[in-house]
């Protein structure tokens with residue numbers, strides 16, 4: 036399985052979200068996308084599953100083109116892409132179990148989805164996932180349920196948009212460990228937007244650096260030197276990590 040992206044996005048007011056982004060992500064890769072606010076990180080993720088339509092270029096997931104797809108074809112392609120949003124977008128009136136089962140809606144008819152006619156196999160999978168994410172202590176329940184819902188979809192690719200925003204370092208480690216372990220066990224490709232450079236360095240097998248909508252860096256954490264970081268953030272690694280640490284205080 037691979038995800039191939041070669042695209043650009045320009046909004047109607049000619050503001051360029053990103054330009055000439057080109058990358059391929061393979062099964063099991065854990066890719067962190069870093070860059071300052073406004074660099075195009077969120078737009079990039081949303082373009083992969085067509086929540087944002089690119090102005091040009093193509094996106095292929097598992098050999099099938101996503102760009103231009105609509106209706107049933109787009110719905111079927113989106114089965115392959117799980118997404119964890121910054122605020123996790125859970126349905127508050129539903130139970131934990133029902134929120135996780137929502138990960139199977141892409142595999143059901145509209146009527147069965149409305150009626151909640153999940154199969155016994157799906158219910159067993161949901162229970163297994165809830166046990167895997169260790170819901171017993173109830174800590175960071177929203178984050179854990181959001182992750183389980185995305186994995187329930189059995190995606191080829193998992194997109195995570197700032198999944199640890201506003202969490203303290205201890206909570207961030209718990210959630211990042213969970214995302215990393217669950218994707219690695221299943222050989223799922225993962226692209227995660229991160230504001231915290233030190234977290235990206237710790238977990239990623241590969242880092243993409245964006246600045247002003249352009250890809251500045253594509254390599255391993257070991258290759259991300261201070262000169263590249265200054266080019267991405269316009270400041271040194273030391274200053275950046277200190278500044279990010281202050282946000283937790």
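Residue numbers (the working numbering): 36 to 284. Quick reminder that beta carbons are idealized off the backbone N, C-alpha and C, glycines included.
Next item on the list: Use the C-beta contact count for residue 262: other C-beta atoms within 10 angstroms, 16 or more gives buried, fewer gives exposed.
Entry: exposed
Checklist line | Nonlocal neighbours in the same chain, by C-beta distance under 8 Å from residue 284, ignoring five residues either side | finding: Because the pLDDT at residue 284 is just 48, under 50, the model does not fix this residue reliably, and the value given afterwards should be weighed accordingly. Cβ within range, chain order: n/a, list empty.
Checklist line | Alpha-carbon to alpha-carbon, residue 265 and residue 166 | finding: 43 Å
Note to self: What does DSSP give as the partner residue(s) for residue 41 in the beta ladder?
What the structure shows: 57, 93
Check: Bridge partners of residue 241, per DSSP?
Finding: 66
Next item on the list: Please go through the same chain and pick out, in chain order, the residues whose beta-carbon is closer than 6 Å to the beta-carbon of residue 121, but skip the five residues on each side of it.
Entry: 196, 197, 200
Check: Which residue comes first and which comes last in the alpha helix (DSSP H) that contains residue 224?
Finding: No alpha helix (DSSP H) holds residue 224; the beta strand (DSSP E) holding it covers 224 to 228.
Next item on the list: State buried or exposed for residue 93, treating a residue as buried only when at least 16 other CB atoms are found within 10 Å of its CB.
Entry: exposed
Check: Can you name the residues that DSSP bridges to residue 246?
Finding: 249
Item checked: Rounded separation between residue 55 and residue 211 - CA only -> 29 Å
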